[in-house]
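Asks:
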Amino acid sequence: MGDSIGNQKDTVKKAQRVLNVVRRNLWSCNSTIKETAYHSLVQPLLEYASTAWNPYLQKNNYSLNSIQRQAARFCKSEYSREPGTVTKLLRDLDWQPLESRRKSQRITMLYKMINHIVDVPISNYAKFNTRNTRGHQQKLIQPRHRKAVQAVFFPNNHTRVE
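Heads up: the sequence shown runs through residues 340 to 501, numbered per my numbering.
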């Protein structure tokens, strides 16, 4: 599991390199082209396998978000350092935060597993509650984690989607 955190650092480095290439080559293009390049070349790197892992340390989340924030500045050619500038740019671009995109992808994957849309058996990762409870019969049991790092991987974090 520690290896996954190293892979996450590599992912951030690769996304940063690709964003830098896009900046060098598209600096004079309009914002629509820059935005398309970000969504096509950089964002997939940041979201690759995000249903399987999820950064649990704030610094890892920050490094992923910083790439998106740099891309927003680039797309709008707005490099002002005033507080709230990038937040406004993200809102204007209508870009969802990466964290909420990861949550959405995890929920979608869980739905696909439960309904047998993907060939990943849910029984390998979760147990349905067999006790008689109110509501529907497809309630999942929240697994317990011995280590904090275990909570970030899909088999352990899919039942709790805060």
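Backbone N, C-alpha and C fix where the C-beta goes; we use that ideal spot for every residue, glycine too.
#1: By Cβ distance, which residues of its chain are closer than 8 Å to K353, with the 5 residues on each side in sequence left out?
#2: What separation, rounded to the nearest whole angstrom, lies between the Cα atoms of Q355 and Q409?
#3: Buried or exposed: where does F413 fall if 16 or more other Cβ atoms within 10 Å of its Cβ makes it buried?
#4: What does DSSP give as the partner residue(s) for L479 in the beta ladder?
#5: Take every Cβ of the region 429-446, pair it with every Cβ of the region 393-410, and state whether three or more of those distances are shorter than 8 Å.
#6: Under 8 Å Cβ to Cβ from I510, same chain only, skipping five residues before and after it: list those, please.
#7: Roughly how many angstroms lie between the CA atoms of I406 and M448, to the nearest whole one?
#8: For K373, which residues of its own chain have a beta-carbon under 7 Å away from its beta-carbon, when the five flanking residues on both sides are left out?
#9: For N400, which residues from the same chain have a beta carbon less than 6 Å from its beta carbon, with the 5 sequence-adjacent residues on both sides left out?
#10: With a CB to CB cut of under 6 Å and the five nearest residues on each side skipped, what residues in its chain are close to D342?
#11: Would A411 and L429 qualify as a contact pair, given that the criterion is a beta-carbon distance under 8 Å?
#12: Identify every run of the alpha helix (DSSP H) within the region 364-426, keeping only runs that are complete inside it and at least 4 residues long; order them along the chain.
#13: Can you find the residues in the same chain that come closer than 6 Å, C-beta to C-beta, to R420, ignoring five residues on each side of it along the sequence?
#14: Let me know the secondary structure DSSP gives N346 once reduced to three states.
Replies: In short:
#1: Around K353, the same chain offers L384 as residues with beta carbons nearer than 8 Å, after the five sequence neighbours per side are excluded.
#2: Cα-Cα distance, rounded: 9 Å.
#3: With 16 or more Cβ atoms within 10 Å of its Cβ, F413 is classed as buried.
#4: According to DSSP, L479 bridges with F467.
#5: Flag = yes, the region 429-446 and the region 393-410 touch.
#6: Outside the displayed range of the chain (340 to 501) lies residue 510, so it cannot be described from this structure.
#7: Their Cα atoms are separated by approximately 25 Å.
#8: For K373, where only same-chain residues beyond five positions count, the Cβ hits under 7 Å are L365, F413 and C414.
#9: Only P394 meet the Cβ criterion.
#10: Residue confidence is low: D342 scores 46 on pLDDT, short of 50, so the model does not pin down where it sits. Its coordinate-derived value is still stated next. The beta carbon of D342 sits closer than 6 Å to none of the beta carbons in its chain outside the five residues before and after it.
#11: Against a cut-off of 8 Å, the Cβ pair of L429 and A411 comes out as a contact.
#12: Within the region 364-426, the complete alpha helix (DSSP H) runs of at least 4 residues fall at 370-376, 382-386 and 397-415.
#13: Excluding residues within five positions, none has a Cβ falling inside 6 Å.
#14: Reduced to three states, the DSSP call for N346 is helix.
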